Amino acid sequence: MKTKLLLFALILCSSFVFGQNKDFESPAKTSKQSIILFKSLVYDFGKIKHESEAKAVFVFKKVSKKPVKITNVQTSCGCAAADWSREEITNKKKQKISIVYDSRIIGKFTKYAYVYVEGQDEPIQLQIKGEVLPSDTQEQAIENKTNVSKKENKTKSMNQKKKKINNN
459 MKTKLLLFAL
469 ILCSSFVFGQ
479 NKDFESPAKT
489 SKQSIILFKS
499 LVYDFGKIKH
509 ESEAKAVFVF
519 KKVSKKPVKI
529 TNVQTSCGCA
539 AADWSREEIT
549 NKKKQKISIV
559 YDSRIIGKFT
569 KYAYVYVEGQ
579 DEPIQLQIKG
589 EVLPSDTQEQ
599 AIENKTNVSK
609 KENKTKSMNQ
619 KKKKINNN
């Protein structure tokens with residue numbers, strides 16, 4: 459029994475040793491250092507009014523020693539637009555990317571912007587989120603429509619009762 463247990467342990471240990479990937483490198487060797495560093499990757503508007511200005515500003519700075527250029531900022535939908543400097547960034551001063559959300563669309567939202575930096579393989583993902591509340595006039599219109607629907611339902615119900623009474 460002891461020999462079986464010892465043999466099993468030996469096979470198990472050898473599988474760990476030989477199962478190691480020879481091409482594996484430490485993360486320090488494989489990961490590339492970021493070229494730019496954002497102060498925050500998420501901007502939460504919270505609750506905003508319908509058709510109010512919804513502008514998120516993402517602040518970043520260059521951490522690379524070489525000049526950096528943002529080649530594109532692509533948003534996840536047509537309801538958001540990005541603005542950034544197309545110039546090459548040579549200093550380490552703070553820079554900005556602005557994203558404006560179309561606050562005519564009522565309800566909760568989560569949208570993304572992808573920042574493409576020259577010399578970096580993957581884009582940097584920025585997120586905006588919040589909730590657009592209806593304006594006072596829209597709330598009043600919704601309330602009026604709801605009240606009209608309730609009145610129509612009561613009227614239909616009363617008419618049906620009258621028909622039943624008249625038929626009997």
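Taking this note's numbering, the leading residue of the sequence shown gets 459, the next gets one more, and so forth. C-beta atoms are modelled at their ideal positions from N, C-alpha and C, and glycine is treated no differently. These numbers come from a predicted model, not from an experiment.
Practice prompt. Report yes if the CB atom of residue 506 is closer than 8 Å to the CB atom of residue 512, and no otherwise.
Written response: In the sequence shown, counting from the first residue as 1, residue 506 sits at position 48. In the sequence shown, counting from the first residue as 1, residue 512 sits at position 54. In this structure, residue 512 lies closer than 8 Å to residue 506 by Cβ.
Near the ligand FMN: residue 501 beta-carbon under 7 Å from a heavy atom: In the structure on display, the ligand FMN does not appear, and there are no ligands present to speak of.
Quick check: the Cα distance between residue 537 and residue 588, rounded to an integer number of angstroms?
In the sequence shown, the residue the question calls residue 537 occupies position 79. In the sequence shown, the residue the question calls residue 588 occupies position 130. Linking residue 537 to residue 588 through their CA atoms gives a straight-line distance of about 13 Å.
| said: So if DSSP puts residue 516 in a beta bridge, which residue, or which two residues, is it bridged to? | reply: Against the sequence shown, residue 516 aligns to sequence position 58. Looking at the DSSP assignment, residue 516 forms a beta bridge with 555.
Contact set for residue 541: own chain, Cβ-Cβ below 6 Å, skip 5 residues either direction
Walking along the sequence shown from the start, residue 541 turns up at place 83. Excluding residues within five positions, the ones whose Cβ falls inside 6 Å are 556.
- Query: Using a Cβ-Cβ cut-off of 7 Å (strictly less than) and excluding sequence neighbours within five positions of residue 482, which residues of its own chain qualify?
  - Reply: For the purposes of this step, residue 482 is identified with residue 24 of the sequence shown, where counting begins at 1. Only weak support is given to the placement of residue 482: the predicted model assigns it a pLDDT of 30, under 50, and the value that follows is read from those uncertain coordinates. Hits under 7 Å: none found.
(request) Please work out which residues of its chain come closer than 6 Å, Cβ to Cβ, to residue 578, disregarding the five sequence neighbours upstream and downstream, and give them in chain order. (result) The count along the sequence shown starts at 1 and reaches residue 578 at position 120. Apart from sequence neighbours up to five positions away, the residues of its chain that approach residue 578 with a beta-carbon distance below 6 Å are 493, ordered along the chain.
Straight-line gap, residue 592 to residue 508 (C-alpha atoms, nearest Å):
Counted from its first residue, the sequence shown places residue 592 at position 134. Counted from its first residue, the sequence shown places residue 508 at position 50. For residue 592 and residue 508, the distance between alpha carbons rounds to 5 Å.
Practice problem: Put residue 627 into one of helix, strand or coil per three-state DSSP. | Solution: With the chain covering only 459 through 626, there is no way to say anything about residue 627.
**Message:** Going by C-alpha to C-alpha distance, which of 576, 545, 585 and 594 sits closest to residue 567?
**Reply:** As a position in the sequence shown, residue 567 is number 109, starting the count at 1. Minimum Cα distance to residue 567 is reached at 585.
Residue 497 beta carbon less than 8 Å from that of residue 518: In the sequence shown, counting from the first residue as 1, residue 518 sits at position 60. In the sequence shown, counting from the first residue as 1, residue 497 sits at position 39. Contact flag set, yes.
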